[in-house]
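Working notes, beginning with the structure itself.
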Amino acid sequence: MTVPRLAILLSGRGSNFEALARAVRDGMVPAEIALVFSNRPAAPGLEIARRLGFETAALAGSGQEREAYDRQVVELLRARGVEWVCLAGYMRLLSGYFIEQYRGKILNIHPSLLPAFPGLEAQKQALDYGVKFAGCTVHFVDETVDGGPIIAQAIVPVRDDDDEDTLAARILEQEHRLYPEALRLVLGGRYRIEGRRVIMA
Ligand code: GRF
């Protein structure tokens, strides 16, 4: 049986990538990570990927026109037979071209209970707003920012003594659990999308 080939796109630390890599290694997610890609050649996550023996690639993204850049990225993915893309702290908006090429096959994780607090500094937004429950969301990527159909969410209660760091750390723990779980569900293929709803069969 052939397993689906994944690419992980990251820009920073890479802890979600590590969680996914662990889940693949342990057989929880039946897939192969064919490429770890970054728009930041110095991203610590790339270094971790190299150490773990994954193929990596980087193309410095700054100043490049979005679609022209993404055409290069998609070429790298296609050349490796990549069918699924997991964004894991990838800090560059995807072009319509990229999304069209991998429609319904791109996942992202965001550190809030979407649709609350999309965009940057989601944990700070949650604290500033004063919500009592924060969390994280794994969703399909479409042309909207953090707005595609939701696959899975996890709730993290906000404590009175939380600051941005403590809250982000507890959310991150849940991210590491949720992302592999959501990926496993989706790769299993037993779901349908009705409007915005992802319904598991
Ligand atoms: C995570 O909080 C993720 O939800 C957000 O960016 C952060 C990436 O962290 N999209 P890491 O690089 O996976 O450690």
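1 is the number of the first residue of the sequence shown in the working numbering; add one for each residue after it. Think of the CB as a built atom: it goes at the ideal place given N, C-alpha and C, for glycine as much as any other residue.
- Checking the 7 Å criterion, the Cβ of A88 is within range of a heavy atom belonging to the ligand GRF.
- Taking C-beta atoms as the reference points, A31 and L187 count as a pair closer than 8 Å.
- Scanning I199, R190, V3 and L20 for the CA closest to the CA of G89 turns up L20.
- Here I106 is bridged, per DSSP, to V85.
- Per the coordinates, the alpha-carbon of I199 lies some 17 Å from the alpha-carbon of I106.
- Straight through space, the alpha carbons of L127 and A23 are spaced by roughly 31 Å.
- If you ignore the 5 residues before and after E164, its C-beta comes within less than 7 Å of the C-beta of Q123, K124 and L127, all in its own chain and listed in chain order.
- Here E65 is exposed. Its C-beta has fewer than 16 other C-beta atoms within 10 Å.
- Taking G53 as reference, the option from G81, Q174, V36 and H110 with the minimal CA-CA separation is V36.
- Within the segment 10 to 42, the complete beta strand (DSSP E) runs of at least 3 residues fall at 32 to 38.
- When DSSP states are grouped into helix, strand and coil, A116 belongs to the coil group.
- Comparing C-alpha distances from D142 to each of A116, N108, R40 and R159 shows the shortest one belongs to N108.
- In this structure the segment 67 to 74 does not touch the segment 40 to 49; the number of beta carbon pairs closer than 8 Å is below three.
- The nearest non-hydrogen atom of the ligand GRF is less than 7 Å from the C-beta of N16.
- If you check the C-beta of H110 against the ligand GRF, you find a heavy atom less than 7 Å away.
- The C-alpha of L46 is placed about 8 Å away from the C-alpha of G12.
- An exposed status is given to I193, since fewer than 16 other beta-carbon atoms sit within 10 Å of its beta-carbon.
- Leaving aside the five residues that flank V85 on each side, the residues in its chain whose CB is nearer than 6 Å to its CB run, in chain order, A7, Y102 and I106.
- Under the criterion of beta carbons closer than 8 Å, G130 and Q153 do not qualify as touching, at roughly 20 Å.
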